[in-house]
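Novice:
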Amino acid sequence: MKILFVISSLTTGGAEKVLSFLANRWSEKNEIIVVTLKSKQYDFFSLSSKVKRYSLNIERKKWFLFFPTIKLLLGLRKTILEEKPDYIVSFVVKTNIFTLLSTMGMKIPIVVSEHNTIINETIDWKQHLLRELLYKRAKIITVLNESIRNELFSVYPKIPKESVIVTPNPFMDSIIDNKKKKRENIILNIGRLVPQKRQDLLIKAFNVFSNNNKGYKLIILGDGPEREKLNQMIQEMNLSNDIELLGFVKDVYNYLSIASIFAMTSAFEGFGLVFLEAMNAKVPIVSFDIPGARDILTHGKDALLVPFGDVYQFAKAMETVLKNTELYNALINNGRETLKKYAPEKIDEIWFNSILTSNRAR
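This note's numbering applies: residue 7 is where the sequence shown begins, and numbers increase by one.
(1) Buried or exposed, going by whether 16 or more other CB atoms sit within 10 Å of the CB of Asp308?
(2) Going straight from the alpha carbon of Val57 to that of Asn218, what length do you get?
(3) By DSSP's criteria, Gly253 is part of a beta bridge. Which residues make up the other side?
(4) Using C-beta distances below 8 Å, list every residue in its chain close to Tyr48, excluding the 5 sequence neighbours before and after it, in chain order.
(5) Along the chain, where does the alpha helix (DSSP H) containing Glu343 start, and where does it finish?
(6) So what does DSSP say about Arg66, is it helix, strand or coil?
(7) Do you know offhand how far Lys223's Cα is from Asn244's?
(8) Quick check on Lys56: does DSSP put it in helix, strand or coil?
(9) In terms of residues, what are the limits of the beta strand (DSSP E) holding Asn195?
(10) Which partner residues of Lys322 appear in the DSSP bridge assignment?
(11) Which residue marks the beginning of the alpha helix (DSSP H) containing Thr105, and which one marks its end?
(12) Taking DSSP's pairing of strands, which residues face Ser15 in a bridge?
(13) Leaving out five residues before and five after Thr4 in sequence, what residues of the same chain have Cβ atoms less than 6 Å from its Cβ?
(14) Which of helix, strand or coil does DSSP assign to Met270?
(15) With DSSP run on the structure shown, which of helix, strand or coil describes Leu310?
(16) Let me know the secondary structure DSSP gives Leu87 once reduced to three states.
(17) Can you tell me whether Tyr318 is buried or exposed? The criterion is at least 16 other CB atoms within 10 Å of its CB, across all chains shown.
(18) Should Lys64 and Leu78 be called a contact, given that it needs their Cβ atoms to be closer than 8 Å?
(19) Would you please state the rounded distance, in angstroms, between the beta carbons of Pro115 and Lys145? I believe it to be under 8 Å.
(20) Decide if the segment 269-277 is in contact with the segment 230-238; the criterion is three or more beta carbon pairs, one per stretch, under 8 Å apart.
(21) Mind reading off the beta-carbon distance from Arg83 to Thr101? Whole number of angstroms is fine, and I expect it under 8 Å.
(22) If we count the other Cβ atoms within 10 Å of its Cβ and call it buried at 16 or more, is Ile196 buried or exposed?
(23) For Leu10, which residues does DSSP report across the bridge?
(24) Specify, as a first and last residue, the run of the beta strand (DSSP E) that Val149 falls within.
(25) Is it a yes or a no for the segment 187-195 touching the segment 352-364, going by three-plus beta-carbon pairs under 8 Å?
(26) Quick check: the Cα distance between Lys322 and Val280, rounded to an integer number of angstroms?
(27) By Cβ distance below 7 Å, which residues in the same chain neighbour Gly230 in space, the five residues on each side in sequence not counted?
(28) Hey, would you say Ile226 sits closer than 8 Å to Leu262, going by beta carbons?
(29) Cutting at 6 Å between CB atoms, please list the residues of its own chain near Ile249, excluding the five before and the five after it.
(30) For Ser160, which option in Glu138, Glu283, Ile296 and Val24 has the closest C-alpha, if you only look at C-alpha atoms?
(31) Would you identify the three-state DSSP class for Ser153, choosing helix, strand or coil?
Next up, the structure:
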């Protein structure tokens, strides 16, 4: 089968990591092409030599400027016509829109993959309108969990229900054993420094937590436009010696393997891949109870979930985990069981039995 993936870039991010993983994995038995809208200079994830790669090298200061968009659509259309894939799989809403526009009149089945909640602060009116107009053209729409599927139907009721398939992200790393690693007094967070991730709330929760729990550090891995704001906040709270913003890190397991808690304070998530990484590293999880967390985690079983925005309960939850050895170990052991649900071969079954099937083609 010849499958052509389309994504904005292969920079850091969950969708980019998943696409790279699937492309590399599937290239063992299929002909795989990856098209990025941006140039290779943005690559963080690498592709197998078996994967054919195109870069359209389009730079846009805004996502739907006229001339860059026309250039993008023509370049993408030309590539698709040359390659003649059996399926096109597009990742993330803006790229999904470009893919559907560029394939007008073609009979190639298109799969568009949503990798976040349907309505959030990143979705403007143009994306909303074009989704409503274009998504009906997609053969399949994949979403990461039932919450997003239900949200999609509530926002776009005309989308056929049979075209929307829940397709979780696979767990993409090798199972590791941390028996030889010594845990340190580290609260760890991994995520881009953007408003969605709400690391400002984590800093406030850590400030409350550290009043009764001395000697702990908060380490945040990731970068983004909120860095300056967060740094200023850290200084104003006199936490410069206790909190470190370390930027993007290639191997997060170097930190997960020594952390005592993984803490997530996002306002929303499509699918929290980092939860699976934390489970793999045997780190107990404390998170706000949000879509994308509750679809993976079960409160009291493999994580502690706290009402969104309550930094005092969040601080208390971290303290509870650290002081209750029985709970600490239970969260870790149950997390390893949860991880099994997202094995790559199980996710492949969804893709190749329900989505990329001959009876859906053309």
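Cβ atoms here follow ideal geometry from the backbone N, Cα and C, with glycine treated the same way.
Specialist: Quick answer:
(1) Buried, since its Cβ has 16 or more Cβ neighbours within 10 Å.
(2) Answer to the nearest angstrom: the Cα atoms are 52 Å apart.
(3) Per DSSP, Leu227 and Gly228.
(4) Residues of the same chain with a CB within less than 8 Å of the CB of Tyr48, apart from the 5 flanking positions on each side, are Ser15, Leu16, Thr17 and Thr42 in chain order.
(5) Element bounds for Glu343: Thr331 to Leu345.
(6) It is coil, neither helix nor strand.
(7) Cα to Cα, Lys223 sits roughly 13 Å from Asn244.
(8) Coil.
(9) Ile192 to Ile196 is the extent of the beta strand (DSSP E) around Asn195.
(10) Beta-bridge analysis with DSSP links Lys322 to no other residue.
(11) First-last of the alpha helix (DSSP H) with Thr105: Val99 to Ser108.
(12) Ser15 pairs with nothing; no bridge assigned.
(13) Because the chain spans 7 through 368 in this model, residue 4 falls outside it and cannot be assessed.
(14) Secondary structure at Met270: strand, using DSSP grouped into helix, strand and coil.
(15) Shown here, Leu310 sits in a strand according to DSSP, grouped into three states.
(16) Residue state, collapsed to three classes: helix.
(17) It counts as exposed.
(18) At residue 64 the sequence reads Ile, which differs from the Lys that was named. Between Ile64 and Leu78, the C-beta spacing is below 8 Å.
(19) Pro115 to Lys145, Cβ: 4 Å. Contact.
(20) Counting Cβ pairs under 8 Å, fewer than three are found: no touch.
(21) That pair is no contact at about 14 Å.
(22) Buried, because 16 or more other Cβ atoms sit within 10 Å of the Cβ of Ile196.
(23) Its beta-bridge partners are Ile39 and Ile94.
(24) Here the beta strand (DSSP E) through Val149 covers Ile146 to Val149.
(25) Verdict: no, contact absent.
(26) Rounded to whole angstroms, the separation of the alpha carbons of Val280 and Lys322 is 22 Å.
(27) When the five nearest sequence neighbours on each side are left out, the beta carbons in the same chain lying within less than 7 Å of the beta carbon of Gly230 are those of Arg198, Leu199 and Val200, in order along the chain.
(28) For the 8 Å CB-CB criterion, Ile226 and Leu262 do not form a contact.
(29) Excluding positions up to five away in sequence, the list reads Leu224 and Ile240.
(30) Nearest option by C-alpha distance: Glu138.
(31) It is helical.
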